[in-house]
Each structure stands twice: as structure tokens, then as C-alpha cells.
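Trainee: My structure is below; once you've seen it, I'll send some questions.
Numbering (this note's numbering), first residue to last: 22 to 387.
Here you go:
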């Protein structure tokens, strides 16, 4: 069993919070909730699934290319956009109400997507990180959701923009610029490992102006995934591109004008993650972050009041993490969905769908 490290104050706070949840009957704490995630079959077919809080697939829609992350259209709860995995050049517009692929959106010539995107709060605009691969420049492309025409585009502030998210003002976009140059002719080859310049960029989406940038302390720490808390604290998951035997922090936070701050844990825990993190999810009510590390077969938990490690859960080939009413929903590459309370070692529910592999991201639908 994993030893959970927590100071007295943090322990008491967490136990009070969990006790308050446990005191309410399950039928009252859990409303019917749904999620979306991409999955692949062992027969190399690709799907986007809608699933319930117990991991049961409710609807599945086949797509022609491997999906990665998903965004829900704010004005239509049954409609999601699924983004093709890098270096894919397609976005899949999916209607869960009738289980259909409405249309496919393709990137413009000389561009590809990075598997992520986000809608404006009013649902009128779609923002996608894209690679201008001939010029090796990152772009944020803005599309009109009604027509899917491109309205404008902005510099992402770096190379390899991966995941992005809005702050609470609905105007400021925070962008994880991974710093890795790639080209679709050799899609998984990294072209500039010695000259990487990863950064976290804040962009004003009304003007295109870069408001601020924060750089990783190590230029081979690729900033890839992020989540934003209700008070606009950003939690960042990184992937290290340096020597295999090096132990480096992989999870950072950034708030306000402060520099990137490495979360606090011993070197052995960083080593367990094997230099790679994937999905980042925040429970703002408990001020806890959960971060998956697929190569390390674990999900780690972090106290965002202190930026300290508070525990981990071993989950083989773990993938997506999404917020549930009573904890987190975890997926993996073995077709398993687990619903589990934060810091618990025993799932509340577990569902196995044989013959499939869940992709690295999962979305809680609203």
C-alpha cells in the first residue's frame, strides 16, 4: 500500500471534507453524470464514447483517425468536438443524441492540430493550438462555430502549443507551449531537443496580445498538459526529453505573476513517473489535483494549498482523469474505468470493456 504523506493541517482538512461527503447517502451525492473519451480497439478502429459515472458505454461513434482530447459545445450538451491525435489534421463534430458524426473539420494547408482545443464560454468560437510546420511556429487558430470558418489566428508564443484553457475571465487563454519542433513527414520525430524553449503563455484572445510568459527551469521539460482551478491557479504536467536516468520534477503550478513552481515530493516519486505525465484534473472544492503518469502506472495527488504531494494510486497504463461527484474517474489502456475517492486505494466502482484502449484524456460532460 502506498504511504500518503500529509502534514497535520492538510490531513485534518481532507478528512473533514471526506467525512462530510460520506455522511450523505450515495443517492444524494451522485446525480446522473456522463463523460466522454476516445478509445481504440485492438483491431485498430477508433471511437468517441459517451459513458456514465460507472464506466458503462452509453453511446459510441466511430471516427476515421485516432482521437485524443474532447471539448463540449457550450450551447449544445449533446454535441462534442473530438480532436485527432497529433499530427492529425481533423476535428470530429459528434452528436451524442443520435450517435452520429455530423462533420469533419480539417486544418488548413501547412497546419496540423495537437489533439486539443477549447470553446469560448458563449460557444461561438473555437480555439485550437496548431503547428505551422513549415515555419516551425505555434499558432492559436480561432474559428466561428456556426460556420467553422477561420476568423483569425494568433501566435501561441512558442513552438509546439499543446493544451490550452481559459481563465475565469473568459478572455485570457493559458497555453502550454511544449517547445518541441515536429513535422508531419516524420510525425513522431523531435527536431530540436537541444534548442527547446518550452513556456507557459497567457494570451488576450480579444487582442491577440501575449500578456505574460513563464519558462521552464530546464529547457528539456516539455510543458504539455494543464488544468485551471476556480481561482485561476494553473497545474501543469510535463514530459522530460533529457537523459533517461535523470530525475526531474514533472508537475508544476503557476499563479498570478509568480514563476513556475515545482510541486514538492521526493526524488523517488518523480522517478516512478518515468519522465512522463498525461492528464491533469483539479477538484477545486478540495483544492486537490490529480495527474496521470501512464509510463509509471500511477495517478498522483497534490494539495494545491501547499503544492505538496499527498499520495498516489497505482493504476496500470493509466490514461484519462476526470472529476466525479465523489472523487475522480480514471481510465487506462486496458479498457478499465474506475471511480475512486481521492486518496483512496479501493475503487467505488470498476468497469472493464474488453478489447479496447482508452486514450489519455476524459471529459466530464455538463
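The C-beta atom is built at its ideal place from N, Cα and C for all residues, glycine as well. Predicted model, so just to flag it, every value in this text is computed and none were measured.
Mind checking which residues open and close the alpha helix (DSSP H) that includes residue 308?
Mentor: Counting along the chain, residue 308 falls outside any alpha helix (DSSP H), and DSSP gives it neither H nor E.
Trainee: Shorter than 7 Å from the beta carbon of residue 92 to some beta carbon of chain C?
Mentor: Considering every chain present, this structure includes no chain C. It has just one protein chain.
Trainee: Assuming residue 363 contacts residue 304 under a Cβ cut-off of 8 Å, what Cβ separation, rounded to an integer in Å, is found between them?
Mentor: At roughly 7 Å, the Cβ-Cβ gap stays under 8 Å, so residue 363 and residue 304 are in contact.
Trainee: Using CA atoms only, rank isn't needed, just tell me which of 103, 168, 291 and 203 is closest to residue 330.
Mentor: For the residues 103, 168, 291 and 203, the minimum Cα distance to residue 330 belongs to 291.
Trainee: DSSP on residue 76, reduced to helix/strand/coil?
Mentor: DSSP places residue 76 in coil when its eight states are reduced to three.
Trainee: List the residues that DSSP assigns as beta-bridge partners of residue 198.
Mentor: DSSP output for residue 198 lists 182 and 220 as bridge partner(s).
Trainee: With DSSP as the reference, please indicate the residues paired to residue 332 in a beta bridge.
Mentor: The partner list for residue 332 (beta bridge, DSSP) reads 322.
Trainee: Quick check: the region 372-387 against the region 68-82, are at least 3 beta-carbon pairs closer than 8 Å?
Mentor: Judged by Cβ distances under 8 Å, the region 68-82 makes contact with the region 372-387, as three or more pairs qualify.
Trainee: Nearest CA to the CA of residue 239: which residue from 83, 271, 162 and 61?
Mentor: Answer by Cα proximity: 271.
Trainee: Give the straight-line distance between the Cα atoms of residue 214 and residue 152, rounded to the nearest whole angstrom.
Mentor: Residue 214 and residue 152: Cα-Cα distance of roughly 17 Å.
Trainee: What residue from 366, 380, 336 and 196 has the CA that sits closest to residue 63's CA?
Mentor: It is 380 whose Cα lies nearest to the Cα of residue 63.
Trainee: Excluding the five sequence neighbours on either side, which residues of its own chain have a C-beta within less than 7 Å of the C-beta of residue 297, listed in chain order?
Mentor: Here the set comprises 260, 314, 315 and 316.
Trainee: Identify, in the order they occur along the chain, each residue of the same chain with its Cβ nearer than 6 Å to the Cβ of residue 126, setting aside the five sequence neighbours on each side.
Mentor: Same-chain partners within the cutoff: 112 and 169.
Trainee: Spatial neighbours of residue 160 within its chain, please: CB distance less than 8 Å, with the 5 preceding and 5 following residues excluded, ordered by chain position.
Mentor: Closer than 8 Å at the Cβ level, and outside the excluded window around residue 160, lie 132, 150, 151, 152, 153, 174, 175, 176, 177 and 182.
Trainee: Residue 67 and residue 84 look like a contact to me (Cβ under 8 Å); what is the Cβ gap, rounded to whole Å?
Mentor: That belief holds up - the Cβ atoms of residue 67 and residue 84 are roughly 5 Å apart, short of 8 Å.
Trainee: Using 10 angstroms around the beta-carbon of residue 384, count the other beta-carbons present and answer buried if the total reaches 16, otherwise exposed.
Mentor: That one is buried.
Trainee: Report the option in 220, 288, 157 and 353 whose CA atom is closest to the CA atom of residue 300.
Mentor: It is 353 whose Cα lies nearest to the Cα of residue 300.
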